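Using the numbering used here, you'd call the opening residue of the sequence shown number 95 and step up by one each time.
Glycine included, each C-beta is placed from N, C-alpha and C at the ideal position.
Owing to the predicted nature of the structure, the values given are computational and were not obtained by experimental measurement.
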Amino acid sequence: MSHITTLDQLRALYGEPRERSRRKVLGRLDAHCRALIALSPLVMVGSFGPDGRADVTPRGDAAGFVAIADDSTLLIPDRPGNNRLDTLTNLLANQAIGLLFLVPGVDETLRVNGTAEIRDDADLLAPFAVEGKRPVTVLRVTVQEAYLHCAKAFMRSRAWDPASHVPRSRLPSMGEMLRDQLDLATAETQAEMLTRYRETLY
Numbered sequence: 095m096s097h098i099t100t101l102d103q104l105r106a107l108y109g110e111p112r113e114r115s116r117r118k119v120l121g122r123l124d125a126h127c128r129a130l131i132a133l134s135p136l137v138m139v140g141s142f143g144p145d146g147r148a149d150v151t152p153r154g155d156a157a158g159f160v161a162i163a164d165d166s167t168l169l170i171p172d173r174p175g176n177n178r179l180d181t182l183t184n185l186l187a188n189q190a191i192g193l194l195f196l197v198p199g200v201d202e203t204l205r206v207n208g209t210a211e212i213r214d215d216a217d218l219l220a221p222f223a224v225e226g227k228r229p230v231t232v233l234r235v236t237v238q239e240a241y242l243h244c245a246k247a248f249m250r251s252r253a254w255d256p257a258s259h260v261p262r263s264r265l266p267s268m269g270e271m272l273r274d275q276l277d278l279a280t281a282e283t284q285a286e287m288l289t290r291y292r293e294t295l296y
């Protein structure tokens, strides 16, 4: 086994992409991209820190929570989290962003690459209010690339197939795992954690 270090070595193993795969990258959101985003309750957000380290984090809400301002602009509300601010801190240093939109039950996904600004304009925040609570910020994403991703990964993983779903009891609660990882004296139960989450979703 050898370390692959050049594009020629890589292509010798994999060959060239099909013409359709080369051509499918769009410079804007078309009707199909817009439809998939409108149905998506979950998007994975990729960013890069100032040290070059990559990070991916989920963003989720009711289907269509990512607003389409126009064919080149998306708006993503930032809901309460753990205040580590990993993605937002990364975007301060490097505006590059990668998005993967998922629709439960649909094996195809949508990839969007571009740049993002962190905004707190009142007129941008207001439409995203839930139960009278506005997000603190909104990501304004300028779309540079958008393209559909094939179903193979989800077909192989059977991610949406209920028969393949893992019972939560197969793992310790998150509180128990954090207790072990951080050497804490006690562990928050799964029920306590879920209650706390529900009280701070917005």
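- If you draw a straight line from the Cα of PRO152 to the Cα of LEU276, it comes to about 23 Å.
- ASP180 and GLY143 have their C-alpha atoms some 8 Å from each other.
- Per DSSP, reduced to three states, the secondary structure at ASP180 is helical.
- About 4 Å separates the Cβ atoms of SER134 and PHE195, confirming a contact at the 8 Å cut-off.
- In this model, ALA163 and ALA132 are separated by some 12 Å (Cα to Cα).
- When secondary structure is reduced to three states using DSSP, HIS126 falls in the helix class.
- Take the alpha-carbon of ARG234 and the one of LEU219: they are about 11 Å apart.
- Within the model, the alpha-carbon separation for HIS97 versus GLY226 is close to 55 Å.
- With fewer than 16 other Cβ atoms from the protein chains shown falling within 10 Å of its own Cβ, PRO111 counts as exposed.
- By the beta-carbon neighbour count (other beta carbons within 10 angstroms, threshold 16), ASP172 is buried.
- The continuous stretches of beta strand (DSSP E) do not include LEU278, and DSSP gives it neither H nor E.
- Taking all protein chains in view, the Cβ of LEU130 is crowded by 16 or more other Cβ atoms within 10 Å, so the residue is classified as buried.
- Annotated as proximal: GLN189 and THR209, with beta-carbon spacing under 8 Å.
- Straight-line spacing of the CA atoms in LEU265 and ARG292 works out to 21 Å.
- Look at GLY269 here: in three-state DSSP terms it is helix.
- Distance check between ILE212 and each of ARG273, ILE191, SER263 and GLY175 places ILE191 closest, using alpha-carbon atoms only.
- Taking all protein chains in view, the Cβ of ASN177 is surrounded by fewer than 16 other Cβ atoms within 10 Å, so the residue is classified as exposed.
- Distance from the CA of ALA285 to the CA of TYR241, rounded to the nearest whole angstrom, comes to 40 Å.
- Taking C-beta atoms under 8 Å as the contact rule, HIS243 and GLU270 fail to qualify, at a distance of about 35 Å.
- The shortest CA-to-CA distance from GLY154 to any of THR294, LEU136 and HIS126 is the one to LEU136.
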